[in-house]
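This report refers to the structure that appears directly beneath it.
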Amino acid sequence: MVIAGPPNAGKSALFNALLGRSRAIVSPTPGTTRDYVEAELQIDGLEVVVVDTAGLRGGTDDAIEHEGIGRSREQIAGAELVLWLEPADAEPTDARPSGALRVESKRDLGIRRSDWHGVSAQSGEGLDNCARRSPGRCGETRRRRGSGWRVTAIERPRRPRR
Ligand SMILES: Nc1nc2c(ncn2[C@@H]2O[C@H](COP(=O)(O)OP(=O)(O)OP(=O)(O)O)[C@@H](O)[C@H]2O)c(=O)[nH]1
Ligand SMILES: [Mg+2]
0 MVIAGPPNAG
10 KSALFNALLG
20 RSRAIVSPTP
30 GTTRDYVEAE
40 LQIDGLEVVV
50 VDTAGLRGGT
60 DDAIEHEGIG
70 RSREQIAGAE
80 LVLWLEPADA
90 EPTDARPSGA
100 LRVESKRDLG
110 IRRSDWHGVS
120 AQSGEGLDNC
130 ARRSPGRCGE
140 TRRRRGSGWR
150 VTAIERPRRP
160 RR
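Below is the structure:
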């Protein structure tokens with residue numbers, strides 16, 4: 000499960016909040032995360048690799064950030080599930096990769112994308128539903144009446160043995 004989005008969206012803060020520990024650096028400086036950071040997370044008994052990535056933006060002239068963004072794109076391309084974060088205090092982008100799940104972060108600051116799954120690393124809102132096991136299904140979302148998007152994780156259907 001890859002956490003992606005523009006710089007400063009709160010990706011690393013969400014990553015830490017899901018893990019319950021301060022694994023990745025969080026700071027108000029856009030472009031803080033360069034190397035992606037991986038950790039294992041138990042989701043309802045299923046082991047899931049969660050990846051925090053460098054924020055995507057065009058036009059950076061910082062060679063290291065540019066390299067980080069290339070690695071983010073590789074992670075996104077190879078992921079079973081991508082959470083695309085945009086924060087409630089910024090205008091919507093059109094950069095969401097196709098198939099990525101819409102997650103609005105920093106919901107403690109307000110609501111801008113009311114049909115997106117809302118989370119706040121600060122208040123804890125939405126974290127419970129952010130990653131849940133859904134047996135037999137692989138990285139899909141289901142619409143649940145009254146509760147917005149539920150992001151379900153992440154189990155490859157088992158291949159039959161020959
Ligand atoms: N109010 C509020 N602020 C948050 C929340 N999550 C993160 N922030 C703040 O937003 C800023 C950026 O957070 P990060 O988690 O570092 O953002 P990021 O998306 O990892 O940024 P890059 O690594 O630069 O791409 C920091 O100042 C955080 O304290 C949240 O849920 N609510
Ligand atoms: Mg970060």
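All the letters of the sequence shown, read from the start, carry residue numbers 0 to 161 under numbering that gives the first Met the number 0.
Backbone N, C-alpha and C fix where the C-beta goes; we use that ideal spot for every residue, glycine too.
Original post:
From G135 to D61, what distance separates their C-alpha atoms?
Top reply: Residue confidence for G135 is low, a pLDDT of 42 falling below 50, so the modelled location carries little weight; the figure read from the coordinates is stated next. Here the alpha carbons of D61 and G135 stand approximately 43 Å from one another.
Subject >> Assigned secondary structure, P134 (DSSP; H/G/I helix, E/B strand, else coil) >> reply: In this prediction, P134 has a pLDDT of 45, which is less than 50 and means its spatial position is unreliable; what the coordinates show is noted afterwards. Residue state, collapsed to three classes: coil.
Original post:
What's the gap between the Cα of Q74 and the Cα of V1?
Top reply: Taking the straight line from one Cα to the other gives about 7 Å.
Original post:
Just checking, does the segment 15-32 make contact with the segment 101-111 on the three C-beta pairs under 8 Å criterion?
Top reply: In this structure the segment 15-32 does not touch the segment 101-111; the number of beta carbon pairs closer than 8 Å is below three.
Subject >> Test item: CB-CB of F14 and A23 under 7 Å >> reply: Annotated as proximal: F14 and A23, with beta-carbon spacing under 7 Å.
Subject >> Cα-Cα separation, E64 to V36 >> reply: E64 and V36 have their alpha carbons spaced roughly 14 Å apart.
**OP:** Hey, could you find the ends of the beta strand (DSSP E) I42 is sitting in?
**Re:** For I42, the enclosing beta strand (DSSP E) begins and ends at 36-42.
**OP:** Report the rounded CA-to-CA distance for G58 versus R70, giving the unit in angstroms.
**Re:** Rounded to whole angstroms, the gap between the alpha carbons of G58 and R70 is 16 Å.
Original post:
What is the rounded straight-line gap between the Cα of P5 and the Cα of P86?
Top reply: Separation of P5 and P86 (C-alpha to C-alpha, rounded to the nearest whole angstrom) is 9 Å.
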